[in-house]
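Order-wise, the sequence lines are chains A and B. So the mapping is simple: this note's numbering equals the position in the first sequence, first residue as 1, plus 28. So the mapping is simple: this note's numbering equals the position in the second sequence, first residue as 1, plus 2. All C-beta atoms in this analysis are idealised placements derived from N, C-alpha and C, irrespective of residue type, glycine included.
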Amino acid sequence: DTGVSQDPRHKITKRGQNVTFRCDPISEHNRLYWYRQTLGQGPEFLTYFQNEAQLEKSRLLSDRFSAERPKGSFSTLEIQRTEQGDSAMYLCASSELVGAGGGHKTQYFGPGTRLLVL
Amino acid sequence: AQSVSQHNHHVILSEAASLELGCNYSYGGTVNLFWYVQYPGQHLQLLLKYFSGDPLVKGIKGFEAEFIKSKFSFNLRKPSVQWSDTAEYFCAVNQLSGGYNKLIFGAGTRLAVHP
Numbered sequence: 029d030t031g032v033s034q035d036p037r038h039k040i041t042k043r044g045q046n047v048t049f050r051c052d053p054i055s056e057h058n059r060l061y062w063y064r065q066t067l068g069q070g071p072e073f074l075t076y077f078q079n080e081a082q083l084e085k086s087r088l089l090s091d092r093f094s095a096e097r098p099k100g101s102f103s104t105l106e107i108q109r110t111e112q113g114d115s116a117m118y119l120c121a122s123s124e125l126v127g128a129g130g131g132h133k134t135q136y137f138g139p140g141t142r143l144l145v146l
Numbered sequence: 003a004q005s006v007s008q009h010n011h012h013v014i015l016s017e018a019a020s021l022e023l024g025c026n027y028s029y030g031g032t033v034n035l036f037w038y039v040q041y042p043g044q045h046l047q048l049l050l051k052y053f054s055g056d057p058l059v060k061g062i063k064g065f066e067a068e069f070i071k072s073k074f075s076f077n078l079r080k081p082s083v084q085w086s087d088t089a090e091y092f093c094a095v096n097q098l099s100g101g102y103n104k105l106i107f108g109a110g111t112r113l114a115v116h117p
């Protein structure tokens, strides 16, 4: 397994267009996360899935954003009617499921999709 | 809301100098702590992590970090940096209560090591 992969790596679009990004997690990782990173900042949490269920969404995820993980494997993040403020690096991460005793499993990050909205 | 503060946004060092990057977090409960590194043109990679036990954690490439619960700190250290350590370093926290699974990241510290 070569890690988390994301496609495309770069996307340039015009304001108002829709874009969709794909993330393929490490196989057998039950949890998948999306983050957004803007220049000079650390990644900010957007949403996460446990298998196919979307369990948490940040208030950063406006109505124009939608994420899916239909079969509990790959995930897509769609942005409708893009705005210039959406320009950022969109990162995907995956981790194993937290055990019954609680605790956290390490998140492994993909290379990201850099979005530029003109 | 939880937050993570990294005190130094830019650090410039010469090779063989010692490094300490500060990280403080705001959450008072049980946490997991991480340092991630992003080398130029590469994706975020885990440098080291603290889940429980010995508060002095050793990571890859000679890095270590010390968890001081009373100070809400998790500072990263390396006794002698190399040019190849030039990268951006991010501290991150995951709180364990309330079902939180997201990582809260600091703004990052950009390290430049000159030969």
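query: Secondary structure of B:D56, DSSP reduced to three states; result: coil
query: Of the listed residues B:Y38, B:A18, B:H116 and B:G110, nearest to B:G61 (C-alpha basis); result: B:Y38
query: Alpha-carbon to alpha-carbon, A:K39 and A:Q108; result: 14 Å
query: Bridge-paired residues (DSSP) for A:D52; result: A:S33
query: Contact list for the segment 49-68 of chain A against chain B, Cβ threshold 9 Å; result: R59, Y61, Y63, Q65 and G68
query: For A:S103, the three-state DSSP class (helix, strand or coil); result: strand
query: For B:K2, three-class secondary structure by DSSP; result: For chain B, the structure presents residues 3 to 117; residue 2 of chain B sits outside this window and is missing.
query: Interface flag, A:G100 vs chain B, CB-CB below 7 Å; result: no
query: Euclidean distance between Cα positions of A:R92 and B:K51; result: 35 Å
query: Min CB distance B:F65 to chain A below 7 Å; result: no
query: A:Y63: first and last residue of the uninterrupted beta strand (DSSP E) it sits in; result: R59 to Q65
query: A:K39 - DSSP class collapsed to helix/strand/coil; result: strand
query: 7 Å Cβ cutoff met for B:R79 and B:E22; result: yes
query: Neighbour-count burial assignment, B:Q44, 16 or more Cβ in a 10 Å radius; result: exposed
query: Closer than 7 Å at the beta carbon, the chain B residues around A:G70; result: F92, F107, G108, A109 and G110
query: Run of the beta strand (DSSP E) containing B:I14, from where it starts to where it stops; result: H12 to S16
query: Where B:Q97 falls, given that 16 or more other Cβ within 10 Å makes a residue buried; result: buried
query: Coil, strand or helix - A:K133 by DSSP; result: coil
query: Short-range partners of chain A found in the segment 40-67 of chain B, where Cβ spacing is below 7 Å; result: H45, L46, L48, K51 and F53
query: Integer-rounded CB distance, given that A:E111 should sit under 8 Å from A:T48; result: Not a contact, Cβ separation roughly 16 Å.
query: Under the three-state DSSP convention, the category B:K104 falls into; result: coil
query: Of the listed residues B:G31, B:N10, B:T88 and B:H11, nearest to B:F53 (C-alpha basis); result: B:G31
query: Nearest neighbour of B:V115, chosen from B:A89, B:F76, B:S75 and B:K104 [CA to CA]; result: B:A89
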